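Enquirer:
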Amino acid sequence: MRAGRIIVEFDNRPSTRIKLGTPNAMKSLKARFARHFERNIAENADVNLVFADVDAKGLPLHNTHSVQNVAYCRPEPQKAVPLPNTHTIGFVDTYHHSFNLMDLKRFLHTVFPIIKKKVPDVCLILAGKGLDETQAQLGLPRRGVEVIGEVDDVSAVYEQAQIVVCPMLSGEGGNVNVSEAICHHRPVVSYSYGVPGQPEDVVMSGLLTVVDNDQAFASRCVELLENPDLVQKLHSLAVDYVELIYPRSYLKESLAKYVNGEVD
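Using numbering that gives the first Met the number 0, the letters of the sequence shown map in sequence onto residues 0 to 263.
1) For the candidate residues Val210, Gly138, Phe106 and Glu242, whose alpha-carbon lies nearest to that of Asp269?
2) Comparing alpha-carbon positions, which option in Ser154, Leu82 and Arg219 lies nearest Ser189?
3) Within 10 Å of its beta-carbon, does Ser178 have 16 or more other beta-carbons around it, so buried, or fewer, so exposed?
4) Grab the span of the beta strand (DSSP E) containing Val209 for me, first residue to last.
5) Which term fits Met25, buried or exposed, when burial requires 16 or more other beta carbons within 10 angstroms of its beta carbon?
6) Suppose contacts are defined by Cβ-Cβ distances below 9 Å. Is Ala126 in contact with Ile147 by that definition?
7) Over what stretch of residues does the beta strand (DSSP E) that includes Thr87 continue unbroken?
8) With respect to the beta strand (DSSP E) encompassing Leu125, which residues constitute its N-terminal and C-terminal limits?
9) Buried or exposed for Arg38, going by 16 or more other Cβ atoms inside 10 Å?
10) Count the other CB atoms, across all protein chains shown, that sit within 10 Å of the CB of Met203; report buried if there are 16 or more and exposed otherwise.
11) Quick one: Cα of Pro140 to Cα of Gln161, how far?
12) Measuring only the C-alpha atoms, how far is Thr133 from Asp239?
13) Confirm, please, whether the CB-CB distance from Leu82 to Val230 is below 9 Å.
14) Going by C-alpha distance, which of Asn226, Ala255, Met167 and Thr85 is nearest Asp91?
15) Sort Cys122, Asp131 and Val164 by Cα distance to Val187 and report the nearest one.
16) Looking at the structure shown, is Ser204 part of a helix, part of a strand, or coil, going by DSSP?
17) When the Cα of His183 is compared with those of Thr208, Arg105 and Asp152, which residue comes out closest?
18) Between Leu236 and Gly205, what straight-line distance do the alpha-carbon atoms span, to the nearest angstrom?
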């Protein structure tokens with residue numbers, strides 16, 4: 000990468016955008032200034048990086064690049080916590096984005112009923128920012144779903160989950176969800192959207208199951224829920240090998256390699 004290059008990453012733009020003409024004039028004024036500075040920054044940058052197409056809206060086309068995940072996020076591996084004895088599925092996310100809500104709603108009404116038919120006492124635990132304000136849009140089932148909402152420590156959520164799902168088909172942050180769950184020693188079932196940037200060892204070990212259709216997603220969840228010995232085996236594997244699967248150097252090296260290639 001040549002000296003003096005400016006790279007700007009834009010993220011979460013729609014959720015921070017304030018509409019003009021709101022009753023609060025101060026907010027409207029702040030929105031004008033924010034968009035003014037954003038345009039100046041974007042125009043003068045050599046490269047603008049966005050990780051979701053929605054964040055590219057309004058940015059200059061000549062220097063804006065929409066990129067995929069090139070490396071996993073690496074949360075710190077957590078202290079080993081015993082698996083619960085109940086049939087529980089965990090999902091932690093940010094729910095302010097319309098596409099996240101759409102994908103979760105689809106999972107609730109398409110995939111989760113298949114799982115619940117096979118495992119009647121299953122409970123889906125939902126946690127994360129924005130859930131308290133948006134859960135009314137999800138059309139939650141009357142039974143089988145526990146809404147925790149925003150929490151200070153996500154570890155407490157993962158401790159209650161036997162397995163974790165990543166039902167995202169769009170948006171951003173899928174591989175963050177996957178890495179976080181595995182660093183909490185929980186096996187994960189995900190659509191292929193959550194895979195880019197994940198090391199091959201995660202899939203090869205069975206800690207991450209990647210599927211491309213709803214029936215396969217539900218079937219793997221049922222297999223894990225009905226086979227506590229398998230889940231315990233994967234749990235123990237994660238405890239022993241998470242440091243090897245997620246070496247500290249990989250994230251830095253992967254991002255540097257991508258940025259250098261993108262700019263040059």
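Don't be surprised by glycine CBs; every beta carbon is placed ideally from N, CA and C.
The model shown is predicted, which means the values in this text are computed figures rather than measured ones.
Expert: In brief:
1) The displayed coordinates of the chain run from 0 to 263. Any statement about residue 269 would go beyond what the structure contains.
2) Arg219
3) Ser178 counts as buried, since no fewer than 16 other beta carbons sit within 10 angstroms of its beta carbon.
4) Leu207 to Val210
5) Its pLDDT being 48, under 50, Met25 is placed unreliably by the model, and nothing is read from it.
6) yes
7) Thr87 to Val91
8) Cys122 to Ala126
9) exposed
10) exposed
11) 20 Å
12) 38 Å
13) In this structure, Leu82 lies closer than 9 Å to Val230 by Cβ.
14) Rather than Asp, the amino acid found at residue 91 in this sequence is Val. Nearest option by C-alpha distance: Met167.
15) Val164
16) coil
17) Asp152
18) 9 Å
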